[in-house]
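Per the UniProt record's numbering, the very first residue in the sequence shown carries number 1; after that it's consecutive.
Taking it in order: structure first as structure tokens, then the write-up.
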Amino acid sequence: MSENNKIQRPSRAEAEEAVRTLIRWAGDDPTREGLRGTPDRVVRSYNEFFAGYEEDPVAMLERTFEEIEGYDEMVVLRDIRMESHCEHHMVPIIGKAHVAYLPGKRVVGISKLARVVEVYAKRLQIQEKLTAQVANTLQDVLQPRGVAVVMEAGHQCMTTRGVHKHGVTMVTSRMLGAFRDDPRTRHEFLTMIGGGTARGMDD
Ligand SMILES: [Zn+2]
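So this is what it looks like as structure tokens:
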């Protein structure tokens with residue numbers, strides 16, 4: 001949160017005017033019937049797309065600590081729907097995330113794992129940074145024996161512009177603790193998430 005506090009937000013009217021400018025830049029007339037409500041809709045969409053700037057994943061996880069009765073097996077949440085926006089082109093990155101950790105003394109409700117992905121995804125991102133942020137936050141706050149995050153996503157900046165590469169999926173991973181140091185732990189995780197796409201991501 002603190003990193004965003006120094007950002008001076010424009011007014012809503014300024015944001016809507018910026019959308020009108022982009023409409024004109026695209027070659028259309030922002031005053032014509034079909035486009036008249038568009039700046040308002042785009043600005044409201046931005047409230048959803050970028051809601052993650054308003055939330056602090058660390059505080060969210062800290063609120064949900066629970067003591068556990070010796071549960072020390074891997075916790076895996078797979079196929080978490082992930083919707084983000086590329087910070088280079090501001091177009092969607094759509095895919096899924098798989099998150100796992102090996103509990104130390106604390107566990108967290110599984111819905112919180114998905115929420116951590118969502119909060120970081122709903123910011124301007126690159127997939128590598130998003131993957132690292134989710135893993136590092138879980139490691140820092142839960143202090144587990146290990147964390148693994150794998151993300152697979154399509155980038156509309158690759159499929160709808162530039163090189164127009166369709167059907168390409170980018171895969172990123174971040175392995176910490178036992179997932180990095182112990183090949184059996186890593187293998188167990190990759191098998192649980194359906195190893196095929198995740199092979200060869202040991203680094
Ligand atoms: Zn891009």
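We treat Cβ as the ideally placed atom computed from N, Cα and C, and that holds for glycine.
Candidates Pro30, Val150, Glu16, Thr169, of which the one nearest Thr191 by Cα: Numbered from its first residue, the sequence shown carries residue 191 at position 191. Nearest C-alpha to Thr191: Val150.
Alpha-carbon spacing of His187 relative to Ala178, whole angstroms: Along the sequence shown, one-based indexing puts residue 187 at 187. Along the sequence shown, one-based indexing puts residue 178 at 178. When rounded, the distance between both Cα atoms is 11 angstroms.
Measure the Cβ-Cβ separation of Thr160 and Val91 and say whether it is below 8 angstroms. The residue you call residue 160 lines up with position 160 of the sequence shown. The residue you call residue 91 lines up with position 91 of the sequence shown. Going by C-beta atoms, Thr160 is nearer than 8 angstroms to Val91.
Contact shell at 7 angstroms, judged by CB to any heavy atom of ligand 1, ordered along the chain: Cys86, His88, His89, Val91, His155, Cys157
Is it buried or exposed for Ser84, if we count other Cβ within 10 angstroms and need 16 for buried? As a working note, residue 84 is residue 84 in the sequence shown. Ser84 comes out buried.
Which one of Met60, Val75, Ile80 has the shortest CA to CA distance from Phe189? Against the sequence shown, residue 189 aligns to sequence position 189. It is Val75 whose Cα lies nearest to the Cα of Phe189.
Would Tyr71 be called buried (16 or more neighbouring beta carbons within 10 Å of its own) or exposed? As a position in the sequence shown, residue 71 is number 71, starting the count at 1. Under this definition Tyr71 is an exposed residue.
When we look at the beta-carbon of Asp203 and count the other beta-carbons within 10 Å, is it buried (16 or more) or exposed? Counted from its first residue, the sequence shown places residue 203 at position 203. In this prediction, Asp203 has a pLDDT of 35, which is less than 50 and means its spatial position is unreliable; nothing more can be read from the coordinates.
Proximal residues to Gln156 (C-beta, below 6 angstroms), its chain only, five neighbours per side dropped: Working through the sequence shown from its first residue, we reach residue 156 at position 156. Cβ within range, chain order: Val91, Pro92.
Return the residue from the list Ile23, Gly167, Val116, Val99 that minimises the CA-CA distance to Tyr53. The residue labelled residue 53 in the question sits at position 53 within the sequence shown. For Tyr53, the nearest C-alpha among the options comes from Val116.
If Leu124 sits next to Glu87, beta carbons under 8 angstroms apart, how far is it from one beta carbon to the other, in whole angstroms? Mapped onto the sequence shown, residue 124 falls at position 124. Mapped onto the sequence shown, residue 87 falls at position 87. Right, their Cβ atoms sit about 4 angstroms apart.
Just mark Val163 as buried or exposed, buried being the case when its beta carbon has 16 or more other beta carbons within 10 Å. For the purposes of this step, residue 163 is taken as residue 163 along the sequence shown, with counting starting at 1. Exposed: under 16 other Cβ atoms inside 10 Å.
Pick from Gln133, Met170, Ile193, Val108 that is closest to Glu118, judged by C-alpha positions: Position 118 of the sequence shown, counted from the start, is the residue given in the question as residue 118. That would be Gln133, whose Cα lies nearest to the Cα of Glu118.
Which runs of the alpha helix (DSSP H) fall wholly inside the stretch 153-203 and span at least 4 residues, in chain order? 156-159, 178-181, 183-192
Beta-carbon separation (whole angstroms), Val19 vs Val43, contact threshold 8 angstroms: For the purposes of this step, residue 19 is taken as residue 19 along the sequence shown, with counting starting at 1. For the purposes of this step, residue 43 is taken as residue 43 along the sequence shown, with counting starting at 1. Confirmed, about 7 angstroms.
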